[in-house]
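Note sheet for the following structure.
Number of protein chains: 2
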Amino acid sequence: MEPAIMGITGVPGFEALGKHIGIKRKRKDFAVISSTKPCTAAMTVTTNKARAAPLTVNLDHIKDGKAQAVIINSGVANACTGSKGLEDAYHTAALGASALGINAKDVLVLSTGRIGDFLPMEKISSGISTIKGELSSSKQAGTDAAEAIMTTDTKMKQAAVRVGKATIAGMAKGAGMIHPNMATMLAIIATDAKVPTGALQRCLTTAVESSFNMISVDNDTSTNDSVIVLANGLAGPVDISEFQEGLSYVCLELAKMIAADGEGATKLIETTVTGAASVDDARKAAKAVISSPLVKSAAFGNDPNWGRIVAAAGYSGCKMRPEKVSVTIQGTTVVRDGMSARFNPNHVSELMKSPKLIITVDLGIGKGTATAYGCDLTYEYVKINADYHT
Amino acid sequence: MEPAIMGITGVPGFEALGKHIGIKRKRKDFAVISSTKPCTAAMTVTTNKARAAPLTVNLDHIKDGKAQAVIINSGVANACTGSKGLEDAYHTAALGASALGINAKDVLVLSTGRIGDFLPMEKISSGISTIKGELSSSKQAGTDAAEAIMTTDTKMKQAAVRVGKATIAGMAKGAGMIHPNMATMLAIIATDAKVPTGALQRCLTTAVESSFNMISVDNDTSTNDSVIVLANGLAGPVDISEFQEGLSYVCLELAKMIAADGEGATKLIETTVTGAASVDDARKAAKAVISSPLVKSAAFGNDPNWGRIVAAAGYSGCKMRPEKVSVTIQGTTVVRDGMSARFNPNHVSELMKSPKLIITVDLGIGKGTATAYGCDLTYEYVKINADYHT
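Chains as they are written, first to last, in my numbering: chain A, 6 to 395; chain B, 6 to 395.
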């Protein structure tokens, strides 16, 4: 496995486009990812009961384990839109299929943005009509697509890796309403590896568990979370454990980019829990720490307030014996045997003034390990979300 | 049942004091509540695994269902303090017992404040030595005690009710690290009703379930949450269902005061969920709505962003069929059949400019109902918690 720098069009056989079709005022709001060849496909979606309409369409279309194109709009989430919303989502897929000359069942649709509004179908329809001629395998086309799916994101999110003869490249978006549960915000991953559907789904589920499912910006699980992987097979078969390693890498890189670009965030918080009774316990504890508003506020203020870290692990639901707990912040031990270690708070506070804050928690009772990724809670987060609507 | 305005010393046979003993720089930091007669006692405590030392002492001391005095300090939580912390808590109870001339087993101890620091035992010891002569049944003494347990609270929290010949009065504190789970921040409730221990514990558990366990300020479950009720029996027996009603009232009033006084809060958010498949489902959904950082930010910005309300219910774990959901904000229907209802957003935004924001969610599939209480997320919350330490 070798990390690579490229967009989704860096994968042979994949084309893309990103453009403005008038859903947002000025910024790009519409993207297409398309493979020249049919693909095996896998997907994970949100557990939110108020699942958005496009996800219902995708669950239907991906049943045969195949797909060839993904059509994405930003600005409107097409969630909480009832039967009309579902009709609009199916119609979008049909329009895309007709424009691309493929079967509607091979088109997946994604929406992200404001909940409750209907898709502006005239704009969508007009935007779709010309895509066949606009799709391109150029680097710019991949960048345009990654840009078009952004909402409150401040940075594009792309990651890629080479696995044997094959390439895996992905793009993602997400900055708020991020607390993925069995799935995440939008991420689309393309590969030219030849991977059968069953294996592809297993690899994706494994990769998502320790990447997108281990990040949180604000504890709010979205209605639209989706990760889609398309494999067009052009590079032929690859070693499946190498493929897993590569896919996990791409998912983790994208997930970390989402956490670091959390709404209003000034830094990424990376928390590794070791010594847990199980991996599941380690995950619970790590997620509780990076999700705690008190830990997140302390991170913003560069305050080595370890009591909040131990308290978060304590309510996470993991097995814990306080007297066994050790904590480090930026490499400095601040808690030993569940009690304050001797450390210089001003020194640790200085170390915390970094775009990456690393916290480790050793529960000292088992072998379970996990890492979770979050961001600090800032004035800007409140500002962005108090001002969103009006 | 008749609501009453009084502090904890309004209950016959109860004395109190609140004073400064030097744990904090200037503000009162030490309180005692004491009954002239032995009491039956009941308690609920935090589920946080990093439970503070005083709670371990109380679980030991309350085993016989009896207690007579509660000694409380603010400023230091005596949590994550190992065996020394436990020793200090036992020692505090022993010192109190000796000063009051009662059995150490009849003294409960509570601490609230910063996690990780040891109790300043010299100050505690010196402060305790004179309490016998300082205890008073005056109204001022009750007020002093309610004031002395405050940390980041901006308001004292007292509530009382008359039940037949008896009185129930309580005081509480809490503003941050508030997401009680089977218990809550500090609350001490006194009554002169004669209630056997078993019934007292059952009444308390019932009352806590729909009061302290239904509030959240920041999703962070504290290490020190405790609710204690002392019944000295001076008024004789009372109808137990009337007592339950009165105790539930006092708990709910105190819980609402904690939610409204959440760190940095400008308003109380009250969310009632109806039509849930069960009461448990209604509780999950109501708590998810008032806990959502996105809903809380929208409340601060007076933004009728109902999508965030539906999304929070959707990920709460309750049974939900989106097409059955209705939502009102300040009495205006904003969602009908899971979709946007016709409403004037500017008008609803105006209505939201109130110290109390009322949201209702009708899930439309059953008869379960519950109400949860939270507060908005503001710049001030971030400021308070980014600045706490340094």
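In this text, a Cβ means the ideal position worked out from N, Cα and C, and glycines have one as well. Since we're looking at a predicted model, the values are computed, not measured.
Using a beta-carbon distance below 8 Å, is residue 289/B in contact with chain A? Taking the second sequence and counting its residues from 1, the one referred to as residue 289/B is at position 284. No, residue 289/B lies away from the interface with chain A (no Cβ there is under 8 Å from its Cβ).
Exercise for review: Find the residues of chain A that neighbour residue 225/B, judging by a C-beta separation of less than 8 Å, and give them in chain order.
Suggested key: Walking along the second sequence from the start, residue 225/B turns up at place 220. Within chain A, the C-beta atoms nearer than 8 Å to that of residue 225/B come from 297, 298, 299, 313, 316, 317, 320, in chain order.
**OP:** Please decide whether residue 384/A counts as near chain B, where near means a Cβ-Cβ distance under 8 Å.
**Re:** Counting from one through the first sequence, the residue named residue 384/A turns up at place 379. Residue 384/A counts as touching chain B.
**Prompt:** Quick one: does residue 187/B have its CB under 8 Å from some CB of chain A?
**Reply:** Here residue 187/B refers to the residue found at position 182 when the second sequence is read from its first residue. Reliability fails at residue 187/B, whose pLDDT of 42 lies under 50, so the model's placement of it is uncertain and the value that follows must be treated cautiously. Not one chain A Cβ lies under 8 Å of residue 187/B.
(message) Given this structure, state the Cα-to-Cα distance separating residue 79/B from residue 336/B, to the nearest angstrom.
(response) In the second sequence, the residue the question calls residue 79/B occupies position 74. In the second sequence, the residue the question calls residue 336/B occupies position 331. Straight across, the Cα-Cα distance linking residue 79/B with residue 336/B is about 40 Å.
message = Please report the straight-line C-alpha distance between residue 281/B and residue 221/B, rounded to a whole angstrom.
response = Position 276 of the second sequence, counted from the first residue, corresponds to residue 281/B. Position 216 of the second sequence, counted from the first residue, corresponds to residue 221/B. C-alpha separation (whole angstroms): 20 Å.
**Prompt:** Does residue 201/A get closer than 8 Å to chain B when you measure Cβ to Cβ?
**Reply:** The residue given as residue 201/A occupies position 196 in the first sequence. Not an interface residue.
Can you confirm whether residue 119/A, when its beta carbon is compared against all beta carbons of chain B, has any partner nearer than 8 Å? Locating residue 119/A in the first sequence gives position 114, counting from the first residue. Residue 119/A counts as touching chain B.
Exercise for review: Would you mind working out which of 178/A, 326/A, 204/A sits nearest residue 155/A, comparing C-alpha positions?
Suggested key: The residue labelled residue 155/A in the question sits at position 150 within the first sequence. Closest by C-alpha distance to residue 155/A, out of 178/A, 326/A, 204/A, is 178/A.
Top-ranked residue by Cα proximity to residue 47/B, from 229/B, 193/B, 300/B, 90/B: By 1-based counting over the second sequence, the position of residue 47/B is 42. Cα-wise, what sits closest to residue 47/B is 193/B.
Go ahead and pull the three-state DSSP assignment for residue 19/A. Along the first sequence, read from residue 1 onward, the residue named residue 19/A stands at position 14. Strand.
query: Which residues in the same chain have their Cβ closer than 7 Å to the Cβ of residue 309/B, if we skip the five residues on either side of it in sequence?
result: Mapped onto the second sequence, residue 309/B falls at position 304. Contacts found: 334, 339, 350, 353, 354, 357.
Check: Are the beta-carbon atoms of residue 275/A and residue 376/A separated by less than 8 Å?
Finding: Taking the first sequence and counting its residues from 1, one reaches residue 275/A at position 270. Taking the first sequence and counting its residues from 1, one reaches residue 376/A at position 371. Taking the C-beta atoms as reference points, residue 376/A is found nearer than 8 Å to residue 275/A.
* To do: In the DSSP assignment, find the alpha helix (DSSP H) that holds residue 213/A and state where it starts and stops.
  => Residue mapping note: residue 213/A aligns to position 208 of the first sequence, counting from 1. Taken as a continuous stretch (DSSP letters only), the alpha helix (DSSP H) holding residue 213/A covers 202-214.
* Hey, is residue 54/B's beta-carbon within less than 8 Å of any beta-carbon in chain A? -> Counting from 1 along the second sequence, the entry for residue 54/B is found at position 49. Closer than 8 Å to some Cβ of chain A, the Cβ of residue 54/B qualifies, so yes.
*What in chain B is Cβ-close to residue 345/A, meaning under 8 Å?*
Walking along the first sequence from the start, residue 345/A turns up at place 340. Within chain B, the residues 85, 121, 122 have their CB atoms less than 8 Å from the CB of residue 345/A, given in chain order.
Next item on the list: Could you tell me if residue 133/B is buried or exposed, where buried requires 16 or more neighbouring beta carbons within 10 angstroms of its beta carbon?
Entry: The residue labelled residue 133/B in the question sits at position 128 within the second sequence. Of the residues assessed, residue 133/B falls on the buried side of the cut-off, its CB having 16 or more other CB atoms within 10 angstroms.
Report task. Measure the alpha-carbon distance for residue 43/A versus residue 237/A and round it to whole angstroms. Result -> One-based indexing of the first sequence puts residue 43/A at position 38. One-based indexing of the first sequence puts residue 237/A at position 232. Whole-angstrom Cα-Cα distance: 6 Å.
List, in chain order, every chain B residue whose beta-carbon is nearer than 8 Å to that of residue 387/A. Position 382 of the first sequence, counted from the start, is the residue given in the question as residue 387/A. Simply 302, 305, 382, 383, 384, 386, 387.
- At what residue ranges does the segment 227-283 of chain B contain a whole run of the beta strand (DSSP E), taking only runs of 3 or more? Within the segment 227-283 of chain B, the complete beta strand (DSSP E) runs of at least 3 residues are 231-242, 273-281.
Three or more C-beta pairs closer than 8 Å, one from the segment 143-152 of chain B and one from the segment 7-27 of chain B: is that the case here?
At 8 Å Cβ cutoff, the stretches touch.
Going along chain B in order, which residues have a C-beta closer than 9 Å to the C-beta of residue 390/A? As a position in the first sequence, residue 390/A is number 385, starting the count at 1. Ordered by position in chain B, the residues that pass the 9 Å Cβ test against residue 390/A are 298, 299, 301, 302, 303, 305, 306, 308, 310, 313, 382.
**Study point:** chain B contacts from the segment 346-360 of chain A (Cβ-Cβ distance under 9 Å)
**Key:** Hits within the stretch, in order: 350, 351, 354.
message: Against residue 126/B, what residues of chain A qualify as contacts under a CB-to-CB distance less than 8 Å, listed in chain order?
response: On the second sequence, residue 126/B is found 121 positions in, with the first residue counted as 1. Under the 8 Å cutoff, chain A gives no residues; its nearest Cβ is about 16 Å from residue 126/B.
Check: Nearest chain A C-beta to residue 190/B closer than 8 Å, yes or no?
Finding: By 1-based counting over the second sequence, the position of residue 190/B is 185. Not one chain A Cβ lies under 8 Å of residue 190/B.
Cβ of residue 228/B less than 8 Å from any chain A Cβ?
Start at 1 with the first residue of the second sequence, and residue 228/B comes out as number 223. Chain A has a Cβ within less than 8 Å of the Cβ of residue 228/B.
As a quick exercise: from 361/B, 392/B, 328/B, pick the residue whose alpha carbon is nearest that of residue 370/B. Counting from one through the second sequence, the residue named residue 370/B turns up at place 365. Closest option to residue 370/B, Cα to Cα, is 328/B.
* Backbone CA spacing between residue 296/B and residue 201/B [nearest angstrom] -> Counting from 1 along the second sequence, the entry for residue 296/B is found at position 291. Counting from 1 along the second sequence, the entry for residue 201/B is found at position 196. Approximately 36 Å, taken between the alpha carbons.
Determine which residues share a DSSP beta bridge with residue 378/A and list them. Residue numbering aside, residue 378/A sits at position 373 when the first sequence is read from its first letter. Note: residue 378/A sits in a beta bridge opposite 220/A, 275/A.
Practice task
Please determine if the segment 52-59 of chain A and the segment 26-33 of chain A are in contact, where contact requires at least 3 C-beta pairs separated by less than 8 Å.
Solution key: Fewer than three beta-carbon pairs drawn from the segment 52-59 of chain A and the segment 26-33 of chain A are found closer than 8 Å, and the two stretches are therefore not classed as touching.
message = Please report the distance separating the alpha-carbon of residue 211/A from that of residue 205/A.
response = What you label residue 211/A is simply residue 206 of the first sequence in a count that begins at 1. What you label residue 205/A is simply residue 200 of the first sequence in a count that begins at 1. Taking C-alpha positions only, residue 211/A is separated from residue 205/A by approximately 10 Å.
Is any beta-carbon of chain D found at less than 8 Å from that of residue 181/B? Included in the structure are the protein chains A and B, with no chain D among them.
Do residue 191/A and residue 117/A have their C-beta atoms within less than 8 Å of each other? To locate residue 191/A, count along the first sequence from 1; it is residue 186. To locate residue 117/A, count along the first sequence from 1; it is residue 112. It is a contact, given that the beta carbons lie within the stated cut-off.
Can residue 251/A and residue 166/A be called in contact, C-beta distance under 8 Å?
Taking the first residue of the first sequence as position 1, residue 251/A is located at position 246. Taking the first residue of the first sequence as position 1, residue 166/A is located at position 161. It is a contact, given that the beta carbons lie within the stated cut-off.
>> So for residue 396/B, helix, strand or coil by DSSP?
In response: What the structure shows of chain B is the stretch from 6 to 395, and residue 396/B is not part of that stretch, so it cannot be assessed.
* Asked: Where DSSP assigns a beta bridge to residue 168/A, which residues make up the other side?
  -> Along the first sequence, one-based indexing puts residue 168/A at 163. Residue 168/A pairs with 171/A.
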